[in-house]
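Residue numbers are given in my numbering: position 11 of the first sequence equals residue 15, and the series is strictly consecutive.
Here a beta-carbon is modelled for each residue, glycine too, at the ideal position from N, C-alpha and C.
Here is the structure we will look at.
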Amino acid sequence: MLNRTQIKEVLNTMENMYPDAECELTHSNSFELTIAVLLSAQATDALVNKVTPSLFAKYKSPEDYLAVPLEELEQDIRRIGLFRSKAKNIQKLCRSLIDDFNGEIPRERDELVKLAGVGRKTANVVTSVAFGRPAIAVDTHVERVSKRLGFCRWKDSVLEVEKALMKKIPEAEWSDTHHRMIFFGRYHCKAQKPACTECPLLHLCREGKKREKKAAAQ
DNA sequence: CTCCCGATAT
DNA sequence: ATATCAGGAG
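Shown next, in the form of structure tokens:
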């Protein structure tokens with residue numbers, strides 16, 4: 005596990021690598037962001053961003069999503085995958101926005117997770133990106149990077165990973181660090197082919213060292 | 001735990 | 001061919 009000094013170095017290095025890391029899902033308000041994050045489950049941001057321009061042009065309000073048959077919405081998001089459950093969740097989400105939240109995306113995480121298709125991770129993205137409040141959304145990249153570098157234990161659940169990060173990172177840096185970890189995971193510490201040989205954190209990375217030994221043995 | 005699921009990279 | 005992608009619901 006990383007000690008305090010190593011954690012500071014990791015945060016500094018990631019800041020140097022990705023000083024302007026931010027949400028890459030195209031959106032222009034909290035409603036669009038929530039829909040985009042819901043759609044992004046098990047799909048790449050790049051693919052979601054190909055679909056949302058026409059989607060957001062057609063559907064501008066919760067009422068718009070409820071005005072079409074479910075099958076039509078399914079076809080409009082089909083390319084993203086998991087389209088049947090996502091379409092159903094979007095309509096359920098819009099229904100409860102109108103019925104329970106005055107048509108607005110709620111700001112509290114406890115309220116956000118009541119929305120269909122919105123779990124803790126999506127709620128954290130919305131609170132952080134749309135409402136500018138400190139949060140660490142643990143997605144596949146944040147989980148992988150945290151475990152490879154040693155912010156947490158390998159067997160930790162995503163909730164345990166989030167708690168470990170919140171404990172070890174100053175609250176004022178949660179949102180920036182969270183986005184930098186995503187960029188680091190997405191573009192450098194990739195799932196299939198991580199760039200360990202050119203990684204500035206290799207000397208303190210337990211997974212990187214493991215991979216080095218393995219490569220040397222070949 | 002399984003299921004949902006198409007697009008893309010390897 | 002297989003792994004992975006800003007997960008969540010049942």
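Contact between Leu15 and Glu211 is ruled out by a C-beta separation of about 18 Å, above the 8 Å threshold.
Measuring C-alpha to C-alpha distances from Lys62 to each of Glu36, Ala45, Gly85, Val41 identifies Glu36 as the nearest.
The Cβ neighbour count for Pro73, taken over all protein chains shown within 10 Å, is under 16; the residue is labelled exposed. Residue range 178-187 is occupied by the alpha helix (DSSP H) that includes Met185. Here Ser34 is near Ile109, since their CB atoms are less than 8 Å apart. With a cutoff of 8 Å on beta-carbon distance, Lys125 and Asp143 are scored as near each other. When DSSP states are grouped into helix, strand and coil, Ile81 belongs to the helix group. For the pair Leu29 and Ala40, the CB atoms are nearer than the 8 Å cut-off.
About 6 Å separates the beta carbon of Ala91 from that of Ile81, a gap short enough to meet the 8 Å contact definition.
The residues Arg83, in chain order, have a CB closer than 8 Å to that of Lys54 in the same chain once the five nearest residues on each side in sequence are set aside. Proximity to Met21 across Thr48, Glu164, Pro204 peaks at Pro204, based on C-alpha coordinates.
Going by DSSP, Pro57 is part of the alpha helix (DSSP H) stretching over 49-62. Between Ile186 and Ala25, the beta carbon gap of about 7 Å places them in contact (Cβ cut-off 8 Å). In the three-state reduction of the DSSP assignment, Cys98 falls in the helix class, which pools H, G and I.
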